[in-house]
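Visitor: The listed protein sequences derive, respectively, from chains A and B.
Going letter by letter, the first sequence gives residues 7 to 91 in our numbering.
Going letter by letter, the second sequence gives residues 7 to 91 in our numbering.
The C-beta atom is built at its ideal place from N, Cα and C for all residues, glycine as well.
Note that the structure is predicted; figures quoted are calculated from it, not measured.
There are 2 protein chains.
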Amino acid sequence: MKVAEWIGILAGIFTTIAAMPQIIKVWKSKKVDDVSWGMFCILILGVFLWTVYGIIKEDYPIIITNGISTILNSIMLALIIKYRK
Amino acid sequence: MKVAEWIGILAGIFTTIAAMPQIIKVWKSKKVDDVSWGMFCILILGVFLWTVYGIIKEDYPIIITNGISTILNSIMLALIIKYRK
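#1: How about B:T21: is its C-beta nearer than 8 Å to some C-beta of chain A?
#2: So, is A:V9 buried or exposed, given that buried needs 16 or more other C-beta atoms within 10 angstroms?
#3: Assuming A:K31 is part of the alpha helix (DSSP H), what are its boundary residues?
#4: Note down the Cα distance separating A:K88 from B:G60, rounded to an integer number of angstroms.
#5: List, from N- to C-terminal side, the beta strand (DSSP E) runs of 3 residues or more that fit wholly inside the segment 16 to 86 of chain B.
#6: Between B:D40 and A:D65, is the Cβ-Cβ spacing less than 8 Å?
#7: Using 8 Å for Cβ pairs, my map puts A:I48 next to B:P27. What's the rounded Cβ distance?
#8: I'd like to check one pair, B:W33 with B:L85: are the Cβ atoms closer than 8 Å?
#9: Report all residues from its chain with a CB closer than 8 Å to the CB of B:I19; omit the five preceding and five following residues, and keep chain order.
#10: Do B:T22 and B:I69 have their C-beta atoms within less than 8 Å of each other?
#11: Tell me which residues share the same chain as A:I50 and place their Cβ nearer than 8 Å to its Cβ, disregarding the 5 neighbours each side in the sequence.
#12: Since B:A17 and A:L55 should fall inside the 8 Å C-beta cutoff, what is the C-beta to C-beta distance between them, to a whole number of angstroms?
#13: From B:A24 to A:M7, what distance separates their C-alpha atoms?
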């Protein structure tokens, strides 16, 4: 596999799992006052559209990375709604 | 332009500007206690690698969207470092 493919895979993994530390932090602290729900709404919309784009193009790396991102960022948005005062 | 291209452009715009609401919220509140710096470190690494991927592939939409994301998420990380207690 070429260098570009390895960089693409690494990039996809990092951008996919990026929400994890924030989910874990909120899961422990139960505090979301400083976290922007707007960011996660826009992010979910974006990665969902990337998933649709991947489905149309039948591009499995794009479908998988953005599909997982849609789920993780939706979990984060649910936590914000749950713990928001 | 085909539907897929429009969806890709919209997806790119949303994922690029997603950090803006969080930057504005922190800029106003000066509070970052609940925000995960880990998320932004991983996100910056990911979108930076996507930018490198785009440069190798000479894919300008990928370079532009992820280049802007790298800048915006770096600004957010700087704000976290600045306002962290």
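Guide: To lay it out plainly:
#1: yes
#2: Flag for A:V9 reads exposed.
#3: M26 to S35
#4: 38 Å
#5: none
#6: In this structure, the beta-carbon distance from B:D40 to A:D65 does not fall below 8 Å.
#7: 7 Å
#8: yes
#9: T71
#10: No.
#11: Cβ-Cβ distances below 8 Å link A:I50 to T76, N79, S80 and L83 in the same chain, with the five nearest sequence neighbours on each side left out; the list follows chain order.
#12: 4 Å
#13: Here the alpha carbons of A:M7 and B:A24 stand approximately 32 Å from one another.
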